[in-house]
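Below: the structure, in structure tokens.
Number of protein chains: 2
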Amino acid sequence: MATLYEHVFDWDSYLQFGTRQFFKRKEAIYSQGTCGDGFYFLKKGLVRIVSVNASGKERILNIVIPNQLIGVQSLDQRQHFTTAIAVKDSVVYHFPCETFKTLLKEHPKLVPLFSRTVIHKMKILLDRINLDTLTSEQKIALLLHNICYEFKNYEIPISQQDIASCTGLTRITVYKVLKQWQEDGIIEIMNRKYYIKKPDFLRNLVN
Amino acid sequence: MATLYEHVFDWDSYLQFGTRQFFKRKEAIYSQGTCGDGFYFLKKGLVRIVSVNASGKERILNIVIPNQLIGVQSLDQRQHFTTAIAVKDSVVYHFPCETFKTLLKEHPKLVPLFSRTVIHKMKILLDRINLDTLTSEQKIALLLHNICYEFKNYEIPISQQDIASCTGLTRITVYKVLKQWQEDGIIEIMNRKYYIKKPDFLRNLVN
DNA sequence: ATGAAAGTGTAGCCTATTTAACATATTTTT
DNA sequence: AAAAATATGTTAAATAGGCTACACTTTCAT
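As you go down the protein sequences, you meet chains E and B in turn.
When you read off a place in the first sequence, starting at 1, and then add 271, the result is the number in this note's numbering.
When you read off a place in the second sequence, starting at 1, and then add 271, the result is the number in this note's numbering.
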């Protein structure tokens, strides 16, 4: 998640072909293991993509802000290998497989648009993989830094446990690092919100 | 890497539109950071996909056997975020961006074929992410188990160091686990090749 | 064929993280 | 407004896996 990312994908003109759906906070848009049909475009809200591994541990893979696609892995009606949960009440447009196929025929420009999106998702996953060669401090630094970068204009509700789930560390480790940073004046914590005082410090940690 | 995977993607009829290229063992097909143009289809040989993270550590992401695509991340001429290196002398077909665009127009069936491939790549990456919540023993077990599964008919040259690079463990840890397993009769090591005696043990470790 | 380079076997120390455990605070549900 | 469910603060103990170091093998390049 939280990979710095400049392009906005312009799907607006295609939205009319999808079906609008509303999801309440905490509701699942799709669930790992169920069969999907097509994909979704997030118009409004905030969605968290998680994945449960073989031994039942849950990882946050990505936080999706509006104007991005979700669930592309099931374009061709296979099983979802992640779960998408609305963090805030959200509005999505659903594009079933068949709809999308028809659309593609009529709008060939969609192909590069779609593939760019998918490739971006791959990049996010790869970044996540690279995360795990780092020390825990570096992991957290990179995560926070990227979140600030990618979600400039969004207030992202991220708890200690979320950070743990994103990085694969335990909550206690996250707590320790955060506490240390607080003492060193690198971050400030005010009623469970984090303010980065010295972004350069985080940046240098990773370099 | 090494995700069990049943489908074979039938690109054969499209190969004529690509350019055939030969790569010697150890040669790079493309390199992380360079700009790519299109993608490659591996016809013959064996290719290893690696990625170097910010702090210079290298990870093996995937081992690609014939009849799969490589380098799809640069379909639209962006930077490669991985490096592909031939493990054996290999034959690939290169499909530059423009060629592929033309092809797509004439053969709409390529769209699902291509997207399936890309989605498969995403699955591989995700599996890799899930790997890191496991213990070192579990990581190695899963890796070996998957390799056996995916590469049934291939002899995959995988060294201790490769296992280390795949799992993110140190060579020493890999060695320790392997030694223990050998003593317990779970695997057998004969001139640096590994034979799994009790696949169920590996399976149970993860399940 | 030979020297260089890469991979493996092994030991021991050390510290960063995990686990466990419990108190307190906050948020959500009814 | 009370009860239930989540999230956080904190400590102490156990340990897994990292790093160092070095001898020995095998493979590769010329």
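The beta-carbon is built from N, C-alpha and C at its ideal position, and this holds for glycine as well.
Under 9 angstroms by beta carbon: chain E residues contacting residue i
i: S386 (chain B); result: V343, L346, D347, F385, S386, V389
i: P379 (chain B); result: K372, L375, K376
i: V363 (chain B); result: Residues of chain E passing the Cβ test: none, with the nearest at roughly 20 angstroms.
i: N478 (chain B); result: A325, S326
Top-ranked residue by Cα proximity to residue i, from the options
i: I434 (chain B); options: B:Q409, B:L476, B:F366; result: B:Q409
i: P383 (chain B); options: E:T373, E:A355, E:L476; result: E:T373
i: S322 (chain B); options: B:Y301, B:K447, B:I418; result: B:Y301
i: T354 (chain E); options: E:G342, E:H365, E:K394, E:I467; result: E:G342
i: L415 (chain E); options: E:T438, E:Q348, E:L397; result: E:T438
i: F352 (chain B); options: E:I390, E:M461, E:I460; result: E:I390
i: N333 (chain B); options: E:P379, E:Q451, E:D471, E:L397; result: E:L397
i: F422 (chain E); options: E:V445, E:V335, E:V477, E:I320; result: E:V335
i: N338 (chain B); options: B:R442, B:G309, B:L413, B:S284; result: B:S284
i: P470 (chain B); options: B:M461, B:Q453, B:N462; result: B:Q453
i: E480 (chain E); options: E:Y466, E:D455, E:T290, E:I356; result: The structure shown does not extend to residue 480 (chain E), since chain E is modelled only from 272 to 478, so the question has no answer here.
i: T406 (chain B); options: B:P428, B:C368, B:L476; result: B:L476
i: F472 (chain B); options: B:G456, B:N462, B:Y364; result: B:G456
i: N462 (chain E); options: E:P428, E:Q451, E:P379, E:K392; result: E:P428
i: L313 (chain E); options: E:W282, E:G304, E:Q303, E:K392; result: E:W282
i: L340 (chain B); options: B:R387, B:G304, B:P379; result: B:R387
i: K468 (chain E); options: E:T441, E:C419, E:T305, E:R442; result: E:C419
i: F293 (chain B); options: B:K315, B:G304, B:T305; result: B:K315
i: Y311 (chain B); options: B:T305, B:Y364, B:Q451, B:R349; result: B:Y364
i: W350 (chain B); options: B:Q303, B:R291, B:Y446; result: Sequence inspection shows Gln at residue 350 (chain B); the Trp mentioned does not correspond to that position. Checking every option, the nearest Cα to that of Q350 (chain B) belongs to B:Q303.
i: C368 (chain B); options: B:K394, B:H378, B:G309; result: B:G309
i: R474 (chain E); options: E:Y446, E:Q451, E:L413; result: E:L413
Inter-residue Cα distance where the pair is residue i and residue j
i: I458 (chain E); j: I400 (chain E); result: 26 angstroms
i: Q432 (chain E); j: V318 (chain B); result: 38 angstroms
i: L286 (chain B); j: D360 (chain E); result: 47 angstroms
i: F519 (chain E); j: F366 (chain B); result: This structure leaves residue 519 (chain E) out entirely; chain E is present only between 272 and 478.
i: G327 (chain E); j: N478 (chain B); result: 10 angstroms
i: L381 (chain B); j: L375 (chain B); result: 6 angstroms
i: K464 (chain B); j: T404 (chain E); result: 27 angstroms
i: E329 (chain E); j: S436 (chain E); result: 7 angstroms
i: V479 (chain B); j: G289 (chain B); result: Residue 479 (chain B) falls outside the range modelled here, since chain B spans only 272 to 478, and no answer is possible.
i: V448 (chain E); j: Y466 (chain E); result: 15 angstroms
i: G307 (chain E); j: D347 (chain E); result: 8 angstroms
i: T444 (chain E); j: V358 (chain E); result: 25 angstroms
i: T243 (chain E); j: I331 (chain E); result: In the structure displayed, chain E extends from 272 to 478; residue 243 (chain E) sits before or after that span and is not available.
i: Q480 (chain B); j: I460 (chain B); result: Nothing can be reported for residue 480 (chain B): it is not among the residues displayed for chain B, which extend from 272 to 478.
i: L402 (chain B); j: N324 (chain E); result: 8 angstroms
i: K295 (chain E); j: I320 (chain E); result: 15 angstroms
i: G417 (chain E); j: T441 (chain E); result: One detail in the question is off: residue 417 (chain E) reads as Asn in this sequence, not Gly. So the alpha carbons of these two residues sit roughly 20 angstroms apart.
i: T305 (chain B); j: I411 (chain E); result: 29 angstroms
i: R291 (chain E); j: H378 (chain E); result: 20 angstroms
i: K450 (chain B); j: S430 (chain B); result: 14 angstroms
i: K394 (chain B); j: Y446 (chain B); result: 28 angstroms
i: T274 (chain B); j: K392 (chain E); result: For T274 (chain B), the pLDDT reaches just 39, beneath the cut-off of 50, and the residue's location in the model is therefore unreliable, although a value from the coordinates is still provided. Whole-angstrom Cα-Cα distance: 19 angstroms.
Residue i: contacting residues in chain E (beta-carbon distance under 8 angstroms)
i: G439 (chain B); result: D403, T404
Cross-chain neighbours of residue i in chain B, by beta carbon under 7 angstroms
i: F352 (chain E); result: K394, L397
Contact set between residue i and chain E, taken where Cβ atoms lie within less than 7 angstroms
i: V358 (chain B); result: Residues of chain E passing the Cβ test: none, with the nearest at roughly 20 angstroms.
Distance cut-off 7 angstroms: residue i Cβ against heavy atoms of the ligand GTP
i: Y301 (chain E); result: The ligand GTP is not among the ligands present in this structure, which contains no ligands whatsoever.
| Residue ranges of each beta strand (DSSP E) within the segment 400–460 of chain E, 3 or longer | none
| query | According to a CB-to-CB cut-off of less than 8 angstroms, which residues of the segment 316–343 of chain B neighbour chain E? | reply | S322, N324, A325, S326, K328, R330, L332, V343
If the cut-off is 7 angstroms on Cβ atoms, which residues from the segment 393–422 of chain B count as contacting chain E, listed in chain order? M393, K394, L396, L397, R399, I400, N401, D403, T404, L405
Point to revise | Near-chain E residues of the segment 437–471 of chain B (beta-carbon distance less than 9 angstroms), N- to C-terminal order | key: G439
| message | Just to confirm the assignment: which complete alpha helix (DSSP H) runs, minimum length 4, are found wholly within the segment 346–379 of chain B? | response | 368–377
Task: In chain order, each beta strand (DSSP E) run of at least 3 residues that lies wholly inside the segment 287–328 of chain E - done: 290–294, 299–301, 310–323
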